[in-house]
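*Asks:* If you read the sequence shown in the numbering used here, its first letter stands for residue 5, the second for the next number, and so on. Here a beta-carbon is modelled for each residue, glycine too, at the ideal position from N, C-alpha and C. Treat the numbers as computed from the prediction; the structure is a model and nothing was measured.
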Amino acid sequence: MAADEVLTLDAFRARYPWPGDTGVSGVVIERLWHFDLDVSPAALWPHLVDTSRLNQAMGMPEMRFEEQDGCLHGSAVYGGRRHEWVEEPWDWVKERYFSSVRTYRRGYPLLSRCIFELEPHEQGVRLWVYFGWVARGRLSGALLGIGVRQLGRDLARTLPKIAAQAAENHALRRRLRAPPSSLDAVAEQRLDEARTHLLDHSLAPVVVDRLFDLIRSGDDDDLVRIRVRALAASWGVDEHELLQVCLYATRAGALEMSWDILCPHCRGVRQEARTLGEIPRLGVCEVCDIDFTTDKLNAVEITFRVPPALRDVPQRYFCSAEASTKTHIQVQRRLEPGARVSIPLRLAAGRYRLRLHGERRYRFLDVLPPPLPGEHGGDTERADALTWRSAGTGDLTCRTRPTLTLVNDDGQPHIFILEGASWSDLALRPERLFAMQTFRDLFSEAFLAADVQLAVGEQTILFTDMVGSTRFYARYGDPDAFMAVKKHFDVIYELIGAHRGAVVKTIGDAAMGVFERPLDAVRAAHHIQTYFTPGQDDPPIRIRVSLHLGPCIAVKLNSNIDYFGTTVNLAAKLQACADAGDVAMSRTVIDTPGVLDYLEDQRAKLDEIGYPIDGIGQEVQVLIWHTFAGRRTLGSRGIDELELRA
Numbered sequence: 005m006a007a008d009e010v011l012t013l014d015a016f017r018a019r020y021p022w023p024g025d026t027g028v029s030g031v032v033i034e035r036l037w038h039f040d041l042d043v044s045p046a047a048l049w050p051h052l053v054d055t056s057r058l059n060q061a062m063g064m065p066e067m068r069f070e071e072q073d074g075c076l077h078g079s080a081v082y083g084g085r086r087h088e089w090v091e092e093p094w095d096w097v098k099e100r101y102f103s104s105v106r107t108y109r110r111g112y113p114l115l116s117r118c119i120f121e122l123e124p125h126e127q128g129v130r131l132w133v134y135f136g137w138v139a140r141g142r143l144s145g146a147l148l149g150i151g152v153r154q155l156g157r158d159l160a161r162t163l164p165k166i167a168a169q170a171a172e173n174h175a176l177r178r179r180l181r182a183p184p185s186s187l188d189a190v191a192e193q194r195l196d197e198a199r200t201h202l203l204d205h206s207l208a209p210v211v212v213d214r215l216f217d218l219i220r221s222g223d224d225d226d227l228v229r230i231r232v233r234a235l236a237a238s239w240g241v242d243e244h245e246l247l248q249v250c251l252y253a254t255r256a257g258a259l260e261m262s263w264d265i266l267c268p269h270c271r272g273v274r275q276e277a278r279t280l281g282e283i284p285r286l287g288v289c290e291v292c293d294i295d296f297t298t299d300k301l302n303a304v305e306i307t308f309r310v311p312p313a314l315r316d317v318p319q320r321y322f323c324s325a326e327a328s329t330k331t332h333i334q335v336q337r338r339l340e341p342g343a344r345v346s347i348p349l350r351l352a353a354g355r356y357r358l359r360l361h362g363e364r365r366y367r368f369l370d371v372l373p374p375p376l377p378g379e380h381g382g383d384t385e386r387a388d389a390l391t392w393r394s395a396g397t398g399d400l401t402c403r404t405r406p407t408l409t410l411v412n413d414d415g416q417p418h419i420f421i422l423e424g425a426s427w428s429d430l431a432l433r434p435e436r437l438f439a440m441q442t443f444r445d446l447f448s449e450a451f452l453a454a455d456v457q458l459a460v461g462e463q464t465i466l467f468t469d470m471v472g473s474t475r476f477y478a479r480y481g482d483p484d485a486f487m488a489v490k491k492h493f494d495v496i497y498e499l500i501g502a503h504r505g506a507v508v509k510t511i512g513d514a515a516m517g518v519f520e521r522p523l524d525a526v527r528a529a530h531h532i533q534t535y536f537t538p539g540q541d542d543p544p545i546r547i548r549v550s551l552h553l554g555p556c557i558a559v560k561l562n563s564n565i566d567y568f569g570t571t572v573n574l575a576a577k578l579q580a581c582a583d584a585g586d587v588a589m590s591r592t593v594i595d596t597p598g599v600l601d602y603l604e605d606q607r608a609k610l611d612e613i614g615y616p617i618d619g620i621g622q623e624v625q626v627l628i629w630h631t632f633a634g635r636r637t638l639g640s641r642g643i644d645e646l647e648l649r650a
């Protein structure tokens, strides 16, 4: 369509016909508007699909939503009359269009639908907005007609403002009731006491004050579900510092922690556990029509809330805004039996999943990056043609601009969903807390239920062990040796915590630590060995350290959060490769970003050996860092240039 061509209502309806099973008859009210906005579709999309904020900015009434038997039921008061409806699953193609359909049980209409379509335009984007209603009768139709005129004025007033904010990358703020100008005296006193408590623990004053200002006067929406990583990014503060402040604030009663159980499909919160021990082994999402276990990665996210005793923070809705709550979904489209539709797409390179609503099975779509200049087809990127049949199997591959044809060859309707396979990196996962000494110290009573295992992804496991402990006890006697070992554990706790790790447990005179980042573990191991360098302590304690990186699961053991799996076993076994002053590291640790550079900066002397794994006839490549030995430079090509003794 030409840039200056305007669609007629009939043409738009032909492009988006009413669903075949709705039976549109009787009094039908339809309106189509278009708005030329000076903003790109990509920039406008996240602001536009947040229809809850959009509706409130237009002055629409508040809505209530409740899940019943897998369906979302909504209600609101329009024109002095209560309306009740079933919210059907939305259709959308990211950055192109979205549409919603409601079937009413009470109210003026029997049925309604709205469609927003973004069309690239010479000045930015031409936004088409369609609303249609099937009225219950002539009187209802007349009343809806009056509302349509006001709706057009509200859209014309609000959409340019949203476009301007989107162009400047500003978040659209809801016109919520003003937050309380002041809390009651009791709440103020509690906040003041909590703030003083946090500052007494030498936490960052700027971060503390900013968090407490948010608790006092922040927007309700910002407080309903505080996501620490996202908040730190928006504030431009250190994520670790903000998380520490939130943990201390929780212990002081200024915040509450929530362990949110997420559906693996829609990724919505299906249950909010108040404590770690309340996390269930099984979860259910009636909307997606699936049940799931919590022992998979990304099943749990930790968020924070403001306690109701301090401030009432209601969660308010002005629309279900389904597309904005499922940002990982690129395409969601319902097809009737036998139907097919072709959708031109622009996808970023990466892995996606193709699945049908309510089914566990899925296929992968791997999107390859555009070819480089000079490669075959490098001048122009081909538009791959893909066909996804509801009964199809096998993975698919394409470039970044495919045309995807959906075909429902079953005898029942299906909702086709194309979604990103990766999860948000702004979510705070349990493994982040479990590897944080502050959490383990402040919430030492936290434990998992006996039947729950949490996948915590790849973790770096560190083991320390005293060398010659039997001779040490014999030489210094039990009382003095015990005090020396206790002091050495204090040092290990401090150094592991200082490098953003946590001590999982101690066993005899050995300690087990965990880190999210391998580089932090290597630095901690180095500083542990530096502390226990010969001549620096009395009585002399010598340590060996081993490190291994791999997948783990978190479990309950002796009322503590412990780690289990092959990674832990191998990390412990690597102790056999080390002597006093040594750090034994598997290749999985060495090959992670930053580790080799750090070793080169330290001019580390390394030996490489093959460590046999019992029972499977394989060897693990182990690099042994002799921290007491003379230093040797790693060469420009890294470890392979060392003179290895193995």
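Sorted by chain position, which residues of the same chain lie with C-beta nearer than 6 Å to TRP96's C-beta, five sequence neighbours on each side aside?
*Replies:* Reading the sequence shown from its first residue, position 92 is the one you call residue 96. Counting only Cβ-Cβ distances below 6 Å, and skipping sequence neighbours, we find PHE102, ALA327 and GLN336.
*Asks:* Since LEU280 and TRP132 are thought to touch, with beta carbons under 8 Å apart, how far apart are those beta carbons, to the nearest angstrom?
*Replies:* To locate residue 280, count along the sequence shown from 1; it is residue 276. To locate residue 132, count along the sequence shown from 1; it is residue 128. Incorrect: roughly 48 Å between the Cβ atoms, too far for contact.
*Asks:* Does the beta-carbon of GLU172 have 16 or more other beta-carbons within 10 angstroms, so that it is buried, or is it exposed?
*Replies:* Here residue 172 refers to the residue found at position 168 of the sequence shown. Exposed, because fewer than 16 other Cβ atoms sit within 10 Å of the Cβ of GLU172.
*Asks:* Quick check on THR592: does DSSP put it in helix, strand or coil?
*Replies:* On the sequence shown, residue 592 is found 588 positions in, with the first residue counted as 1. Helix at THR592.
*Asks:* On the criterion of 16 or more Cβ atoms from any shown chain inside 10 Å, does ASN562 qualify as buried, or is it exposed?
*Replies:* For the purposes of this step, residue 562 is taken as the residue at position 558 of the sequence shown. With fewer than 16 Cβ atoms within 10 Å of its Cβ, ASN562 is classed as exposed.
*Asks:* In this structure, how does DSSP classify PRO555 when only helix, strand and coil are distinguished?
*Replies:* By one-based count along the sequence shown, residue 555 stands at place 551. Three-state DSSP puts PRO555 in a strand.
*Asks:* Keeping to the same chain, check which residues put their C-beta closer than 8 Å to that of ARG344; ignore five residues upstream and five downstream.
*Replies:* Along the sequence shown, one-based indexing puts residue 344 at 340. Closer than 8 Å at Cβ, skipping near neighbours: THR409, LEU410, VAL411 and ASN412.
*Asks:* Which one or two residues does DSSP pair with HIS77 in a beta bridge?
*Replies:* Residue mapping note: residue 77 aligns to position 73 of the sequence shown, counting from 1. Answer is GLU70 and VAL90.
*Asks:* Helix, strand or coil for CYS402 per DSSP?
*Replies:* In the sequence shown, residue 402 corresponds to position 398, counting from 1. Residue state, collapsed to three classes: strand.
*Asks:* Start and end of the beta strand (DSSP E) containing PRO356?
*Replies:* Translated into positions along the sequence shown, residue 356 becomes position 352. A small fix is needed here, since residue 356 is Tyr in this sequence, not Pro. Here the beta strand (DSSP E) through TYR356 covers 354–360.
*Asks:* Of the residues GLU70, GLU520 and ARG271, which one's Cα is nearest the Cα of VAL304?
*Replies:* What you label residue 304 is simply residue 300 of the sequence shown in a count that begins at 1. Ranking GLU70, GLU520 and ARG271 by Cα distance to VAL304 puts ARG271 first.
*Asks:* Closer than 8 Å: is that where the CB of ILE496 sits relative to any heavy atom of the ligand SAH?
*Replies:* Among the components modelled here there is no ligand, and therefore nothing to report on the ligand SAH.
*Asks:* In angstroms with no decimal places, state the Cα-to-Cα distance between TRP22 and PHE69.
*Replies:* Residue 22 sits at position 18 when you count from the first residue of the sequence shown. Residue 69 sits at position 65 when you count from the first residue of the sequence shown. So the two alpha carbons sit approximately 24 Å from each other.
*Asks:* What first and last residue would you give for the beta strand (DSSP E) that runs through ILE419?
*Replies:* In the sequence shown, residue 419 corresponds to position 415, counting from 1. Where ILE419 is concerned, the enclosing beta strand (DSSP E) stretches over 418–424.
*Asks:* Around the C-beta of PHE568, are 16 or more other C-beta atoms found within 10 angstroms, so that it is buried, or is it exposed?
*Replies:* As a first step, residue 568 must be located in the sequence shown, where it is residue number 564. Exposed, because fewer than 16 other Cβ atoms sit within 10 Å of the Cβ of PHE568.
*Asks:* What do you get for THR298, buried or exposed, if any count of 16 or more other CB atoms within 10 angstroms of its CB means buried?
*Replies:* Here residue 298 corresponds to residue number 294 of the sequence shown, with the count starting at 1. Buried is the call here.
*Asks:* Output the distance between the C-alpha atoms of ALA198 and LEU235, rounded to the nearest integer angstrom.
*Replies:* Residue numbering aside, residue 198 sits at position 194 when the sequence shown is read from its first letter. Residue numbering aside, residue 235 sits at position 231 when the sequence shown is read from its first letter. Cα to Cα, the separation comes out at about 20 Å.
*Asks:* Which ranges would you report for the alpha helix (DSSP H) in the stretch 185–250 if only whole runs of at least 4 residues count?
*Replies:* Counting only runs of 4 or more, we get 189–204, 209–221, 224–228 and 232–239.
*Asks:* As an exercise, report each continuous beta strand (DSSP E) stretch of at least 3 residues that is fully enclosed by the stretch 109–142, in chain order.
*Replies:* As far as the stretch 109–142 is concerned, its whole beta strand (DSSP E) runs of at least 3 residues are 113–125 and 128–139.
*Asks:* Which of the three DSSP states is assigned to CYS270 in this structure?
*Replies:* Taking the sequence shown and counting its residues from 1, one reaches residue 270 at position 266. In this structure, CYS270 counts as coil in the three-state DSSP scheme.
*Asks:* Alpha carbon to alpha carbon, what distance is there between HIS503 and CYS75?
*Replies:* As a working mapping, residue 75 is identified with position 71 in the sequence shown. As a working mapping, residue 503 is identified with position 499 in the sequence shown. When rounded, the distance between both Cα atoms is 47 Å.
*Asks:* Do you know how far the Cα of ALA558 is from the Cα of HIS530?
*Replies:* Position 526 of the sequence shown, counted from the first residue, corresponds to residue 530. Position 554 of the sequence shown, counted from the first residue, corresponds to residue 558. For HIS530 and ALA558, the distance between alpha carbons rounds to 26 Å.
*Asks:* Who are the near neighbours of CYS292 in its chain, counting only those whose CB is closer than 6 Å to its CB and skipping five residues on each side?
*Replies:* Locating residue 292 in the sequence shown gives position 288, where the first residue counts as 1. Only CYS267, HIS269 and CYS270 meet the Cβ criterion.
*Asks:* Could you say which of ASP158, TRP137 and ALA160 lies nearest to GLY149 if we only look at CA atoms?
*Replies:* To locate residue 149, count along the sequence shown from 1; it is residue 145. The option with the nearest alpha carbon to GLY149 is TRP137.
*Asks:* Please look up how many angstroms separate the CB atoms of TYR602 and VAL549, rounded, as I've assumed it's under 8 Å.
*Replies:* Numbered from its first residue, the sequence shown carries residue 602 at position 598. Numbered from its first residue, the sequence shown carries residue 549 at position 545. That pair is no contact at about 15 Å.
*Asks:* Counting C-beta neighbours from all protein chains within 10 Å, is the total for LEU372 16 or more, i.e. buried, or is it exposed?
*Replies:* For the purposes of this step, residue 372 is taken as the residue at position 368 of the sequence shown. Its Cβ having fewer than 16 others within 10 Å, LEU372 is exposed.
*Asks:* Looking at the strands, I want to know which residues DSSP matches up with ASN564.
*Replies:* Position 560 of the sequence shown, counting from 1, holds the residue named residue 564. In DSSP, ASN564 forms a bridge with LEU561.
*Asks:* Which residue's Cα is closest to the Cα of PRO209: ARG231, TYR252 and VAL190?
*Replies:* The count along the sequence shown starts at 1 and reaches residue 209 at position 205. Of the candidates ARG231, TYR252 and VAL190, the one whose C-alpha sits nearest the C-alpha of PRO209 is TYR252.
*Asks:* If contact is defined by three or more beta carbon pairs under 8 Å, each pair taking one atom from either stretch, is the stretch 188–205 in contact with the stretch 303–317?
*Replies:* Yes, the stretch 303–317 is in contact with the stretch 188–205.
*Asks:* Kindly give me the distance between the Cβ atoms of GLY424 and GLY354, rounded to whole angstroms, as I take these residues to be in contact under 8 Å.
*Replies:* Residue 424 sits at position 420 when you count from the first residue of the sequence shown. Residue 354 sits at position 350 when you count from the first residue of the sequence shown. Right, their Cβ atoms sit about 7 Å apart.
*Asks:* Quick one: does ARG85 have its CB under 9 Å from some CB of chain C?
*Replies:* Any reference to chain C falls outside this structure, which holds one protein chain only.
*Asks:* Tell me where the alpha helix (DSSP H) around GLU326 begins and ends.
*Replies:* Counting from one through the sequence shown, the residue named residue 326 turns up at place 322. Run containing GLU326: 326–329, per the alpha helix (DSSP H) assignment.
*Asks:* Identify, in the order they occur along the chain, each residue of the same chain with its Cβ nearer than 6 Å to the Cβ of VAL288, setting aside the five sequence neighbours on each side.
*Replies:* Translated into the one-based positions of the sequence shown, residue 288 becomes position 284. Closer than 6 Å at the Cβ level, and outside the excluded window around VAL288, lie ASP295.
*Asks:* Tell me which same chain residues have a C-beta within less than 7 Å of the C-beta of THR401, skipping the five on either side of it?
*Replies:* In the sequence shown, the residue the question calls residue 401 occupies position 397. Answer for THR401: ASP370 and LEU372, listed in chain order.
*Asks:* For a test of the three-state rule: what should DSSP assign to PRO164, helix, strand or coil?
*Replies:* Counted from its first residue, the sequence shown places residue 164 at position 160. Helix, per DSSP.
*Asks:* Could you check where the beta strand (DSSP E) with TRP610 kicks off and where it finishes?
*Replies:* Along the sequence shown, read from residue 1 onward, the residue named residue 610 stands at position 606. Checking the displayed sequence, the identity of residue 610 turns out to be Leu instead of Trp. 610–617 is the span of the beta strand (DSSP E), which, as asked, contains LEU610.
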